[in-house]
Amino acid sequence: MNIDRRNTQKKQRSLLTDEEWATRHLYEESWAENYWKSRDHPHRIFLAEKICRFSPQSVLEIGCASGPNLYQIAKRFPDAKIRGIDINPMAVQKGNEWFQEEGIYNVKLEVGKAQELSRFADKCFDVVFTDAVLIYIPPEEIKNVAKEMLRISRVIVLNEWYTFNKWLAFVLNIYCYFRMIAEKNLLQSCRFKGVNCTIRPRSPAMGLFVGHWVRDYRALFGEFVPEEKIHITKLPEKLWDDKGWQRWGAIAEVVT
Numbered sequence: 194m195n196i197d198r199r200n201t202q203k204k205q206r207s208l209l210t211d212e213e214w215a216t217r218h219l220y221e222e223s224w225a226e227n228y229w230k231s232r233d234h235p236h237r238i239f240l241a242e243k244i245c246r247f248s249p250q251s252v253l254e255i256g257c258a259s260g261p262n263l264y265q266i267a268k269r270f271p272d273a274k275i276r277g278i279d280i281n282p283m284a285v286q287k288g289n290e291w292f293q294e295e296g297i298y299n300v301k302l303e304v305g306k307a308q309e310l311s312r313f314a315d316k317c318f319d320v321v322f323t324d325a326v327l328i329y330i331p332p333e334e335i336k337n338v339a340k341e342m343l344r345i346s347r348v349i350v351l352n353e354w355y356t357f358n359k360w361l362a363f364v365l366n367i368y369c370y371f372r373m374i375a376e377k378n379l380l381q382s383c384r385f386k387g388v389n390c391t392i393r394p395r396s397p398a399m400g401l402f403v404g405h406w407v408r409d410y411r412a413l414f415g416e417f418v419p420e421e422k423i424h425i426t427k428l429p430e431k432l433w434d435d436k437g438w439q440r441w442g443a444i445a446e447v448v449t
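Written as structure tokens, this is what we have:
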């Protein structure tokens with residue numbers, strides 16, 4: 194495989210919509226299994242520790258895959274009501290099976306997506322969290338997702354990309370924008386021809402595209418809750434062996 198083709202495929206992976214992300218792995222059990230096997234990854238333990246500080250008795254993970262993060266929480270709170278939703282039915286099915294095999298019965302995974310939280314009642318969860326999910330949510334949808342998360346939870350914990358360096362994020366977004374324009378004929382895809390409008394530089398709160406969506410979550414949630422209820426923690430540099438996460442990775446905590 195030549196370098197140009199590898200670069201094109203890399204761009205395609207980074208620009209998958211949520212539906213495409215689900216169907217891309219729909220029949221690949223190894224994908225869900227690899228997530229499950231990563232349940233002791235240092236970033237999952239770090240995230241679980243942040244969540245468990247709130248002593249939750251009810252938890253929802255949005256974008257749970259097969260449930261590796263929820264495994265960490267269930268071990269600490271075996272009596273809590275723990276739920277997860279994911280857009281991939283295969284991951285949900287396999288995750289439920291693996292929890293049963295582990296003798297963990299307080300975790301339930303269901304098919305669902307971040308943009309469709311209306312099934313849940315107001316303040317029905319102590320903690321709602323995400324792990325590398327909102328980096329795929331485009332600007333035109335993120336505000337409604339944030340409002341719905343606030344509606345159904347008492348505390349929000351996000352492991353996402355945060356705009357620690359807004360100027361760098363703007364520059365990289367502009368670079369991505371013009372590069373996509375230059376390459377639209379090469380990619381030969383309606384989805385990629387339209388993505389140039391999608392990744393046009395926006396405000397940091399709504400999202401800047403730097404390979405994934407990076408945001409100022411303090412500004413985003415600051416429209417709805419006082420600033421003192423929003424806390425941002427940069428991920429330790431050695432927590433995740435990935436340059437993107439080392440540069441942008443953060444835990445955002447919002448108390449509603």
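For the record, in the sequence shown the residue sitting at position 202 is 395 according to this note's numbering, with numbers rising by one throughout.
Cβ coordinates follow ideal geometry from the N, Cα and C atoms, glycine included.
On a predicted model such as this, the values are computed, not experimentally measured, just so you know.
Contact check for Pro-235 against Leu-365 fails: the beta carbons are separated by 8 Å or more.
Just so you know, the alpha carbons of Ala-445 and Ala-267 end up roughly 21 Å apart. Counting only runs of at least 4 residues, the stretch 396-447 fully encloses the following alpha helix (DSSP H) elements, listed from N- to C-terminal order: 410-415, 436-441.
Looking only at Ile-275, Lys-316, Trp-229, Pro-282, the smallest Cα-Cα distance to Asn-299 is reached by Ile-275. Per DSSP, the continuous alpha helix (DSSP H) segment holding Gly-288 begins and ends at 282-294. If you ignore the 5 residues before and after Tyr-370, its C-beta comes within less than 7 Å of the C-beta of Asn-389, Ile-392, Arg-393, Pro-394, all in its own chain and listed in chain order. Pairing Asp-324 with Pro-331, the inter-Cα distance amounts to about 16 Å. Of the residues Lys-287, Ile-345, Ala-273, the one whose Cα lies closest to the Cα of Ala-307 is Ile-345.
Membership of Phe-313 in any alpha helix (DSSP H) is not indicated, and neither H nor E is assigned to it by DSSP. The alpha-carbon separation between Glu-353 and Glu-294 amounts to approximately 30 Å. DSSP, reduced to helix, strand and coil, places Asn-337 within a helical segment of the structure shown. Here DSSP, grouped into helix, strand and coil, assigns Glu-309 to coil. Counting along the chain, the unbroken alpha helix (DSSP H) around Arg-269 starts and ends at 261-269. Exclusion of the five residues before and after Arg-232 leaves Pro-261, Tyr-264, Gln-265 as the residues of its chain whose Cβ lies within less than 7 Å of its Cβ.
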